[in-house]
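> Numbering-wise, the sequence shown is residues 1 to 273 according to full-length UniProt numbering.
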Amino acid sequence: MVGVTKLVSVHQWLKLQPEDTVKRLFLISATLAGLLFLGQIRPALAEEPDWHLYQQLLDQHLSHQSEQGIDLTWLDYPAVKADPRFAQLVQQLAEFDPERLEGRQEQLAFYINAYNILAINVVVQNWPLQSIKDASPWYKSVWKIDAGQLGGERVSLDHVEHQVLRPLGEPRIHFAIVCASLSCPDLRSEPYSAERLEHQLDDQLQQFLANPTKGLVRNEQGLKVSKIFDWFEEDFGGEAALTAWLAERLEAEEQPINGYLEYNWSLNGTTEP
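1) Would you mind working out which of Glu233, Ser63, Trp138 sits nearest Arg172, comparing C-alpha positions?
2) Could you pull out every residue in the same chain whose Cβ sits closer than 8 Å to the Cβ of Ser226, ignoring the five residues on either side in sequence?
3) Is the stretch 58-68 close to the stretch 100-120, with three or more CB pairs under 8 Å?
4) Below 7 Å between beta carbons: does that hold for Gly148 and Leu118?
5) Under three-state DSSP, which class holds Leu261?
6) Counting only runs that start and end within the stretch 82-119, where is the alpha helix (DSSP H) found for 4 or more residues in a row?
7) By a C-beta neighbour count over all protein chains shown, 10 Å radius and 16 as the cutoff for buried, is Arg188 buried or exposed?
8) Of all the alpha helix (DSSP H) runs that stay within the bounds of the stretch 230-255, which reach a length of 4 or more residues?
9) Is any non-hydrogen atom of the ligand MN found closer than 6 Å to the C-beta of Tyr111, if you look at the structure I gave you?
10) Quick one: grab the DSSP three-state call for Leu216.
11) Measuring only the C-alpha atoms, how far is Arg154 from Glu220?
12) Can you tell which of Trp231, Ile228, Leu223 has its C-alpha closest to the C-alpha of Thr243?
13) Under a Cβ-count criterion, where at least 16 other Cβ atoms within 10 Å of its own Cβ denotes burial, should Lys144 be classed as buried or exposed?
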């Protein structure tokens with residue numbers, strides 16, 4: 001009938017094309033599929049989080065002060081909760097695929113940042129509270145509850161610390177990850193980056209050891225140190241290796257550990273709405 005367009009299936013259309021055209025279409029399709037499989041074509045929302053957002057949040061909401069006799073960096077949690085940039089940053093963590101990270105330094109920097117952001121997220125999602133431990137239900141540790149998403153998967157702080165970071169074999173992570181408590185290492189005033197990670201980790205360690213209110217105290221009998229060194233002694237190679245490691249870092253003669261500082265789990269920031 002004149003004026004009526006005949007519809008054909010894709011299969012029928014291909015049969016009507018010259019052989020060379022069909023071959024070219026097949027090669028193009030195969031190439032695109034291969035590139036997607038190898039991860040060379042990245043979804044628009046799979047880029048690494050915008051660490052400038054994190055820097056802006058830290059610049060605006062992090063300060064230094066003393067609380068309950070402990071010197072620390074202090075986070076304004078209500079302000080972070082109300083800041084749309086924080087929600088944007090958390091969403092970016094959820095959308096970025098960590099499998100795209102290249103090398104150990106990139107992995108360490110990313111997951112340290114992720115841990116600290118997710119710890120903040122646990123607090124703001126359960127606000128108000130006096131301690132991050134208040135965010136947990138009676139039947140589960142706060143470290144095992146849902147802290148947010150990484151690469152589209154729900155994760156806990158426990159997973160990031162024990163299943164991802166510790167296996168990377170870098171004991172200095174324990175002075176960079178911050179569990180939102182007064183006796184934790186200070187939340188750093190900048191994001192961690194692969195390029196500057198060695199300096200950043202060394203600086204975090206030195207600042208922690210130089211802080212007698214939560215890091216280390218020297219006395220005639222030896223060293224009184226943070227409970228972090230007790231909980232994660234194996235990450236430093238055991239007791240004997242730890243005292244040698246501390247002596248090297250302190251540039252001093254080796255001294256025994258003769259006690260641990262009380263660990264204060266109160267929130268490392270504003271506790272009132």
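No residue lacks a Cβ here, since even glycine has one placed at the ideal position from N, Cα and C.
Based on what the coordinates show:
1) Sequence index remark: in the sequence shown, residue 172 carries index 172 (1-based). It is Glu233 whose Cα lies nearest to the Cα of Arg172.
2) One-based indexing of the sequence shown puts residue 226 at position 226. Only Ser183, Phe208, Lys214, Gly215, Leu216, Tyr260, Leu261, Tyr263 meet the Cβ criterion.
3) With a cut-off of 8 Å, the stretch 100-120 and the stretch 58-68 do not count as touching, because too few Cβ pairs lie within range.
4) Here residue 148 refers to the residue found at position 148 of the sequence shown. Here residue 118 refers to the residue found at position 118 of the sequence shown. Their beta carbons are under 7 Å apart, which means Gly148 touches Leu118 by this criterion.
5) Taking the first residue of the sequence shown as 1, we reach residue 261 at position 261. Of the three classes helix, strand and coil, the one that applies to Leu261 here is coil, per DSSP.
6) Counting only runs of 4+ residues, the alpha helix (DSSP H) found wholly inside the stretch 82-119 occupies 84-95, in chain order.
7) Working through the sequence shown from its first residue, we reach residue 188 at position 188. Under this definition Arg188 is a buried residue.
8) With a minimum length of 4 residues, the continuous alpha helix (DSSP H) runs that stay inside the stretch 230-255 are 239-250.
9) Among the components modelled here there is no ligand, and therefore nothing to report on the ligand MN.
10) On the sequence shown, position 216 is the one that residue 216 refers to. Note: Leu216 maps to strand in three-state DSSP.
11) The residue given as residue 154 occupies position 154 in the sequence shown. The residue given as residue 220 occupies position 220 in the sequence shown. Straight-line Cα distance between these residues: approximately 48 Å.
12) Taking the sequence shown and counting its residues from 1, one reaches residue 243 at position 243. Closest by alpha carbon: Leu223.
13) Position 144 of the sequence shown, counting from 1, holds the residue named residue 144. Classification of Lys144: exposed, given that the 10 Å Cβ count is below 16.
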